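In this note's numbering, the protein residues as written are 1 to 291.
Quick reminder that beta carbons are idealized off the backbone N, C-alpha and C, glycines included.
No experiment lies behind these values; they were computed from the predicted model shown.
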């Protein structure tokens with residue numbers, strides 16, 4: 001007999017592709033996902049699954065190489081952020097047609113941060129892709145998403161693991177996938193040399209943006225971390241503290257953890273590997289419960 005699960009998916013940049021593997025393993029082991037709440041990449045993957053198009057989305061992202069990821073990155077070195085985010089959303093709409101959240105077969109909530117009011121915004125109605133775009137807006141990388149007179153950025157700033165926003169019914173299990181876990185990572189298989197070569201090319205492109213942005217902050221001769229790394233480290237520390245407090249205050253039945261050291265925030269060209277990491281981490285937990 002299957003078990004009903006209220007699923008919570010964390011923020012985490014490209015590591016959020018691990019949510020795809022986690023969902024697949026849960027469902028293949030008899031768990032029935034009855035509701036989803038997600039932040040940032042958790043909102044993206046959760047929304048795609050709630051629309052019933054996760055398989056198609058997985059096939060697409062698994063085939064992305066470095067050059068294709070770069071083509072989807074509409075760079076704009078404005079004061080608001082380096083990436084517009086329009087190109088990637090339009091491409092996803094070709095695979096997953098937009099629809100209203102209230103019409104999805106699975107209840108779904110996406111979390112974003114209201115930049116003007118400085119508080120959490122819960123998207124559980126209206127356009128699915130408006131909700132996703134608002135939730136994934138990593139500050140300084142993606143430009144904030146404007147909706148009317150409001151501006152939204154990454155939901156991880158206020159609620160990286162939105163346990164309190166998932167719809168619960170009596171008797172369901174609470175499952176959380178945290179891809180920012182403060183645990184060591186042991187790489188089982190090294191990436192192929194070709195992928196590493198392409199990866200270095202991709203990171204050089206990111207580094208050029210980083211170098212340009214770094215001109216706007218004082219140089220640290222001892223450790224020139226650059227604006228991207230400074231921003232990433234600062235946000236990571238903050239969201240990990242919020243996440244730890246959230247987990248302390250809730251009883252989680254299925255806790256899947258992917259190390260924050262496993263993959264980088266911008267490793268979007270490694271989707272296939274990251275999905276496998278999500279499968280592995282989930283199998284460890286589900287296998288232990290079934291044994």
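Hey, would you say residue i sits closer than 8 Å to residue j, going by beta carbons?
i	j	result
residue 183	residue 257	yes
residue 162	residue 243	no
residue 269	residue 8	no
residue 152	residue 144	yes
residue 131	residue 254	no
residue 4	residue 286	no
residue 172	residue 6	yes
residue 25	residue 282	yes
residue 18	residue 275	yes
residue 135	residue 14	no
residue 51	residue 99	yes
residue 156	residue 265	no
Report all residues from its chain with a CB closer than 8 Å to the CB of residue i; omit the five preceding and five following residues, and keep chain order.
i	result
residue 194	Low confidence applies to residue 194: its pLDDT is 43, below 50, so where it sits in the model is not reliable enough to give any reading.
residue 137	81, 85, 112, 143, 144, 145, 152, 153, 154
residue 168	6, 35, 174
residue 245	none
Please report the residue range of the beta strand (DSSP E) in which residue i lies.
i	result
residue 120	119-123
residue 130	Note, residue 130: premise wrong, no beta strand (DSSP E); alpha helix (DSSP H) at 128-135.
residue 109	108-114
residue 259	254-259
residue 154	150-154
residue 249	No beta strand (DSSP E) contains residue 249, which DSSP labels as neither H nor E.
residue 104	Where residue 104 is concerned, there is no enclosing beta strand (DSSP E), given that its DSSP letter is neither H nor E.
residue 173	173-181
residue 147	145-147
For the alpha helix (DSSP H) containing residue i, name the first residue and the last one.
i	result
residue 268	Careful: residue 268 lies outside any alpha helix (DSSP H) and carries neither H nor E.
residue 86	86-95
residue 69	66-71
Excluding sequence positions up to five away, which residues of its chain have a Cβ less than 6 Å from the Cβ of residue i?
i	result
residue 23	49
residue 109	37, 122, 124, 165
residue 272	62
residue 261	185
residue 56	95
Would you call residue i buried or exposed, if buried means 16 or more other Cβ atoms sit within 10 Å of its Cβ?
i	result
residue 250	exposed
residue 88	buried
residue 133	buried
residue 95	exposed
residue 248	exposed
By Cβ distance, which residues of its chain are closer than 7 Å to residue i, with the 5 residues on each side in sequence left out?
i	result
residue 259	181, 183, 184, 185
residue 150	114, 116
residue 101	108, 123, 124, 125, 126, 128, 131
Taking 8 Å as the threshold (beta carbon to beta carbon), is residue i in contact with chain D?
i	result
residue 8	The chain labelled as chain D is not found in the depicted structure, where only one protein chain is given.
Hey, would you say the C-beta of residue i is under 7 Å away from at least one heavy atom of the ligand MG?
i	result
residue 251	The ligand MG is absent from the structure shown, which contains no ligands of any kind.
Enumerated in chain order, which unbroken segments of the alpha helix (DSSP H) with a length of 4 residues or greater are wholly contained in the stretch 7-55?
-> Listed in chain order, the complete alpha helix (DSSP H) runs (minimum 4 residues) inside the stretch 7-55 are 18-28, 41-50.
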